[in-house]
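Engineer:
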Amino acid sequence: MRKFLLILIIVFLLILTAPLSNFKHQNQSENEIIVWTLQMSDFADYMNKVIKEFEAQNPDIKIKWIDVPFSEGEKRTLASVLSDTPPDLINLNPDFSATLAQKGTLYEIEEENLSQFNSGILNSLKYKGKLYSIPWYATSAVTIYNKDLIEKSGIKIPETYEELKNSAKIVREKTNAYIFLPNITENDTMLRILNKYGINSYENINSEKSKEVFEMFKYLYQENLIPPESITQTHREALEKYMSGNIVLFQAGANFLNMIKENAPSTYAQTDVAPQLKGKLGQNDFSLMNFVIPLRAKNKNEALKFALFLTNKENQLELAKLTNVIAVNNQALNDNFYKTYDNTDLMSKARTISANQLNKVEPVMHSNRNQKDINNLINSSVQEILLNKSDTSSILDKVSKEWQILID
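Under numbering that gives the first Met the number 0, read the sequence shown as residues 0 to 407, first letter to last.
1) Give the single residue among Phe-95, Gly-128, Arg-368 whose Cα lies nearest to the Cα of Gln-403.
2) For the candidate residues Glu-261, Asn-245, Leu-124, whose alpha-carbon lies nearest to that of Glu-361?
3) Taking the Cβ atom as the reference point for each residue, do Lys-217 and Leu-376 lie within a distance shorter than 7 Å?
4) Suppose the cutoff is 6 Å on Cβ atoms and the five residues either side in sequence are ignored; what does the same chain contact list for Ser-40 look like?
5) Write down every uninterrupted run of the alpha helix (DSSP H) in the region 178–226 whose length is 4 residues or greater and which is fully enclosed by it, in chain order.
6) Just to confirm, does Gln-221 get its C-beta within under 6 Å of one of the non-hydrogen atoms of the ligand COA?
7) Please report the residue range of the alpha helix (DSSP H) in which Lys-168 lies.
8) So Ala-137 is in the beta strand (DSSP E); what residue range does that whole segment cover?
9) Could you name the residues of the same chain whose beta carbon sits closer than 8 Å to that of Glu-228, not counting the 5 residues immediately before and after it, in chain order?
10) Residues bridged to Ser-286 by DSSP?
11) Under 7 Å, do Phe-249 and Ile-143 count as touching if we go by C-beta distance?
12) Where does Lys-23 sit, in a helix, a strand or coil, going by DSSP?
13) If I measure Cβ to Cβ from Asn-329 and keep anything under 8 Å in the same chain, skipping five residues before and after, which residues do I get?
14) So, Val-34 versus Pro-293, is the Cβ gap smaller than 7 Å?
15) Using the three-state DSSP reduction, which class does Tyr-126 fall into: helix, strand or coil?
16) Under 7 Å between the Cβ atoms of Gln-269 and Lys-348?
17) Are there 16 or more other CB atoms within 10 angstroms of the CB of Ala-78, so buried, or fewer, so exposed?
18) State the CB to CB distance for the pair Asn-298 and Asp-44, rounded to an integer number of angstroms; the pair is presumed to be in contact (CB under 8 Å).
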């Protein structure tokens with residue numbers, strides 16, 4: 000009888016402890032952070048090293064890293080954030096991040112947790128005054144120009160769009176080249192230019208200031224001072240024209256210097272870099288990649304902790320040295336890597352210029368609801384104005400009304 004009672008007690012204890020065991024197992028499983036990045040497989044050694052260091056410092060957290068092809072990022076993310084089991088941390092661009100914030104699918108991040116980052120860049124990520132994204136890295140275009148064509152035309156490097164307009168005819172007459180191919184209907188190019196003049200909403204798209212900007216490009220186009228392809232071609236075609244000596248300057252990230260060096264060494268020998276073109280407000284534009292934490296993520300705090308580790312000074316600098324991206328961590332931006340350069344090294348010169356440009360980015364351009372539709376609306380209006388299909392005021396009045404409908 001005693002033996003039987005002993006067996007019953009053991010069984011009873013096993014039943015009692017089973018849920019505790021399961022609970023412990025679930026906790027361990029929940030501490031596995033799933034992280035999605037976009038097109039980072041070429042830097043697997045870097046990512047795995049950062050993950051290993053983080054796990055060593057946080058033995059109760061495990062990271063599961065999944066790299067997603069860039070072309071599939073938005074589709075996969077949209078499906079995942081609406082499910083009950085999304086990744087804990089997702090790498091996206093700000094436009095799509097803003098779309099998800101507008102849909103109420105992202106976790107709000109307290110700004111005090113992000114004090115290590117460039118304030119202008121943080122401001123660009125805000126939606127209705129709140130932050131739903133963690134910046135990862137940036138790029139900021141520089142002006143890549145042909146020294147030989149500049150010398151032949153006798154002009155100085157344009158610093159503003161107005162200076163570019165005033166120099167365009169001289170360049171065309173003296174070199175038979177075009178000064179620039181602006182790609183003004185590619186993505187949000189025209190909106191970025193308008194933002195440099197303080198034009199950033201349906202309320203001021205039909206202002207006198209806005210008309211002046213559109214008319215400036217209309218003049219350049221109709222006087223054959225920029226290539227006819229300016230309203231159809233992308234920066235890839237602009238790069239080809241730069242490498243063949245058909246345009247004097249080309250605005251792009253520092254990574255394009257390597258392409259010029261490899262594909263057009265004679266043009267590269269005549270190439271130098273300068274700050275990007277500015278508008279009346281004097282600020283610079285930039286592109287950004289960031290992380291978001293889905294509202295339904297199960298490990299939000301741990302995901303934020305890993306994101307801040309990945310974007311600390313040391314890890315940002317290491318990534319920057321492996322690539323041509325610019326850090327967004329203030330301590331990293333103040334490192335000598337971004338402060339000094341060798342005049343004979345165009346890449347280091349471009350990197351220093353790009354990093355310095357992040358010090359003046361405000362007023363920044365914010366993403367709106369239906370941003371892609373707004374981009375398309377602006378780009379269609381540019382084509383109509385440059386092709387002289389109607390007067391500028393009528394076109395921009397229509398744009399203003401349609402823009403308002405898109406964001407309401």
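Ideal Cβ placement from N, Cα and C applies to all residues, glycine included.
Structural biologist: Taking the coordinates as given:
1) Taking the first residue of the sequence shown as 1, we reach residue 403 at position 404. In terms of CA proximity to Gln-403, Arg-368 leads the group Phe-95, Gly-128, Arg-368.
2) Counted from its first residue, the sequence shown places residue 361 at position 362. Of the candidates Glu-261, Asn-245, Leu-124, the one whose C-alpha sits nearest the C-alpha of Glu-361 is Leu-124.
3) In the sequence shown, residue 217 corresponds to position 218, counting from 1. In the sequence shown, residue 376 corresponds to position 377, counting from 1. Contact: no.
4) Translated into positions along the sequence shown, residue 40 becomes position 41. Asp-66.
5) 188–194, 207–221
6) This structure lacks the ligand COA, and indeed carries no ligand of any kind.
7) Along the sequence shown, one-based indexing puts residue 168 at 169. Element bounds for Lys-168: 160–174.
8) Position 138 of the sequence shown, counting from 1, holds the residue named residue 137. Annotation for Ala-137: the continuous beta strand (DSSP E) segment containing it runs 132–138.
9) Translated into the one-based positions of the sequence shown, residue 228 becomes position 229. Leu-180, Glu-236.
10) Within the sequence shown, the letter at position 287 stands for residue 286. Looking at the DSSP assignment, Ser-286 forms a beta bridge with Thr-138.
11) Translated into positions along the sequence shown, residue 249 becomes position 250. Translated into positions along the sequence shown, residue 143 becomes position 144. Yes. Within cutoff.
12) By one-based count along the sequence shown, residue 23 stands at place 24. Low confidence applies to Lys-23: its pLDDT is 34, below 50, so where it sits in the model is not reliable, and the reading given next is rough at best. Looking at Lys-23 - three-state DSSP - the assignment turns out to be helix.
13) Here residue 329 refers to the residue found at position 330 of the sequence shown. Within the same chain, Asn-329 has close Cβ partners Gln-115, Phe-116, Asn-117.
14) Looking up residue 34 in the sequence shown gives position 35. Looking up residue 293 in the sequence shown gives position 294. The answer is no: Cβ separation not under 7 Å.
15) Stepping through the sequence shown from its first residue, residue 126 is reached at position 127. Note: Tyr-126 maps to strand in three-state DSSP.
16) As a first step, residue 269 must be located in the sequence shown, where it is residue number 270. As a first step, residue 348 must be located in the sequence shown, where it is residue number 349. Cβ atoms of Gln-269 and Lys-348: not closer than 7 Å.
17) Walking along the sequence shown from the start, residue 78 turns up at place 79. Burial call: exposed.
18) Translated into positions along the sequence shown, residue 298 becomes position 299. Translated into positions along the sequence shown, residue 44 becomes position 45. Their Cβ separation, rounded to whole angstroms, is 25 Å, which puts Asn-298 and Asp-44 out of contact at 8 Å.
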